[in-house]
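Visitor: Numbering (our numbering), first residue to last: 188 to 376.
Where a beta carbon is used, it is the ideal one built from N, C-alpha and C, also for glycine.
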């Protein structure tokens with residue numbers, strides 16, 4: 188796409204911020220957006236961060252996003268000059284909560300036991316890639332949009348040909364919905 192020229196004559200850079208829904212409206216999300224603006228705003232460029240969480244706040248867009256699903260987000264990706272993505276960091280507190288949840292739920296039916304086994308595997312990781320983030324990153328790569336990753340060191344070039352999700356997209360995999368539900372419950376407690 189290339190940098191655009193804004194109203195003030197300065198270059199405008201559009202950066203899509205791909206991150207898990209679990210991170211919407213958090214202080215971490217705000218911090219990352221600031222980092223993106225600083226990183227891409229070098230040399231006096233104006234940076235517009237295309238943040239999918241913002242579209243949850245506008246009722247008409249919320250309905251479109253709900254009805255179109257990932258297609259809506261992929262259209263936003265295509266409007267960007269760059270894509271920056273973030274893996275979801277699984278905190279020790281969240282791991283503890285998941286362990287307690289699994290202890291309560293694992294005695295149930297076979298399908299639930301299989302999902303609990305998958306959860307145990309995820310708990311061994313420090314960070315995970317969610318299905319939506321993987322799809323957005325891969326769409327950017329297919330459209331020759333440069334991709335960057337948020338890491339502990341800052342914003343770095345993503346040099347892989349593909350990003351794989353650590354969990355299957357819903358509704359095929361109830362693990363995604365289980366994780367989503369667990370995250371929401373742990374935030375309330």
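Classify residue 212 as buried or exposed, calling it buried when 16 or more other Cβ atoms lie within 10 Å of its own Cβ.
Guide: To locate residue 212, count along the chain shown from 1; it is residue 25. Exposed is the call here.
Visitor: Should residue 269 and residue 315 be called a contact, given that it needs their Cβ atoms to be closer than 9 Å?
Guide: The residue you call residue 269 lines up with position 82 of the chain shown. The residue you call residue 315 lines up with position 128 of the chain shown. No, they are not a contact pair.
Visitor: Here's the rule I'm using: 16 or more other beta-carbon atoms within 10 Å means buried, otherwise exposed. How should residue 218 be labelled?
Guide: Position 31 of the chain shown, counting from 1, holds the residue named residue 218. Label assigned to residue 218: exposed.
Visitor: Please determine if the region 221-231 and the region 256-263 are in contact, where contact requires at least 3 C-beta pairs separated by less than 8 Å.
Guide: no
Visitor: At which residues does the beta strand (DSSP E) containing residue 205 begin and terminate?
Guide: By one-based count along the chain shown, residue 205 stands at place 18. 198-205 is the extent of the beta strand (DSSP E) around residue 205.
Visitor: Would you list the one or two residues that DSSP bridges to residue 354?
Guide: Counting from one through the chain shown, the residue named residue 354 turns up at place 167. In DSSP, residue 354 forms no bridge with anything.
Visitor: By DSSP's criteria, residue 232 is part of a beta bridge. Which residues make up the other side?
Guide: For the purposes of this step, residue 232 is taken as the residue at position 45 of the chain shown. For residue 232, which the question treats as bridged, DSSP gives no partner whatsoever.
Visitor: Closest to residue 309 by CA distance: which of 199, 251, 226, 353 is it?
Guide: Residue mapping note: residue 309 aligns to position 122 of the chain shown, counting from 1. Per the Cα distances, 353.
Visitor: Under the assumption that residue 334 contacts residue 281 (Cβ atoms under 8 Å), give the Cβ distance between them as a whole number of angstroms.
Guide: One-based indexing of the chain shown puts residue 334 at position 147. One-based indexing of the chain shown puts residue 281 at position 94. 26 Å between Cβ atoms; not a contact.
Visitor: Tell me whether the beta-carbon of residue 202 lies closer than 9 Å to the beta-carbon of residue 267.
Guide: The residue given as residue 202 occupies position 15 in the chain shown. The residue given as residue 267 occupies position 80 in the chain shown. Against a cut-off of 9 Å, the Cβ pair of residue 267 and residue 202 comes out as a contact.
Visitor: Quick check on the DSSP output: the beta strand (DSSP E) that includes residue 272 runs from which residue to which?
Guide: Stepping through the chain shown from its first residue, residue 272 is reached at position 85. That run of the beta strand (DSSP E) goes 269-272.
Visitor: For the alpha helix (DSSP H) that residue 320 lies in, which residues bound it at each end?
Guide: As a first step, residue 320 is located in the chain shown; it is residue number 133 there, counting from the start. Segment 318-329, the alpha helix (DSSP H) holding residue 320.
Visitor: Can you name, in chain order, every residue of its own chain whose Cβ lies under 7 Å from the Cβ of residue 343, other than the five neighbours on each side?
Guide: Walking along the chain shown from the start, residue 343 turns up at place 156. Excluding residues within five positions, the ones whose Cβ falls inside 7 Å are 335, 336.
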